[in-house]
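Presented below is the structure to which this report refers.
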Amino acid sequence: MSLVAVLKDGRSAEMAVYGCEGVLGLIGAIATRKALGRYIVQASGTASRIELDRLHEVINSRPRVRQLVLHFTEAMMARVLQNVVCNAIHSVEARCCRWILSMHDRLEGDTVPLTHEFLSEMLGVQRSTVSSITRALQGSGFIRQGRGVIRVTDRAGLEATSCECYGTVRRSFERLLPYTYSDVTPADPRQPPHRLLLPG
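Throughout, our numbering is defined as the position within the sequence shown, counted from one, plus 14.
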């Protein structure tokens with residue numbers, strides 16, 4: 015799922031993306047109980063929902079859960095701040111690769127369900143710009159485009175074309191939430207994997 019900022023003129027851009035490691039609405043739920051933007055489902059999956067009062071109770075009474083929430087909050091803050099730098103400095107092509115890789119990390123398999131229109135909204139650019147970039151990425155053999163989907167065919171190539179921000183954010187999540195990525199073996203294999211949590 016994506017948290018998207020919608021401007022007065024109708025334009026929108028992604029602020030954050032959540033996968034199985036995520037807790038949607040966590041910061042707003044704890045502080046003001048108001049959403050910080052619009053949440054958009056990008057791909058089907060499983061999520062759990064918890065009442066806000068129960069969430070507060072668990073955070074306050076269970077130190078391990080509180081620590082996990084703090085780790086998640088720090089990881090998300092690191093991502094948001096890195097994205098600010100990325101959007102200001104790096105090319106749309108590099109940001110597009112970063113976005114595809116971030117989605118690929120959070121889905122099973124190599125197929126990422128998205129259209130050029132949706133990707134252009136997430137990146138805050140024109141659809142024609144996204145079409146040119148994805149054509150070039152396909153020409154390089156990094157992806158294969160289909161109807162409403164992008165299939166990752168050369169992840170290493172995407173990583174090489176992406177900016178350093180993808181790796182920086184990923185390392186933050188690996189350090190703070192070691193179960194985020196399916197290709198990383200956590201320190202304690204007895205712990206179950208996380209899944210998306212929806213306060214509310």
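Every residue, glycine too, gets a C-beta built ideally from N, C-alpha and C.
Secondary-structure assignment with DSSP links Pro-127 through a beta bridge to Val-163. In this chain, the alpha helix (DSSP H) harbouring Val-79 covers 77-103. Annotated three-state conformation of Glu-28 is strand, per DSSP. By the C-beta criterion, the stretch 83-100 is judged to be in contact with the stretch 184-191, since at least 3 inter-stretch pairs fall below 8 angstroms.
DSSP, reduced to helix, strand and coil, places Ala-170 within a helical segment of the structure shown. Per DSSP, the beta-bridge partners of Tyr-53 are Leu-17. In the structure shown, the three-state DSSP call for Val-139 is coil. Just so you know, the alpha carbons of Val-79 and Ala-61 end up roughly 18 angstroms apart.
Per DSSP, Arg-109 is one residue of the alpha helix (DSSP H) stretching across 106-119. Buried is the label assigned to Val-126, since at least 16 other Cβ atoms lie within 10 Å of its Cβ.
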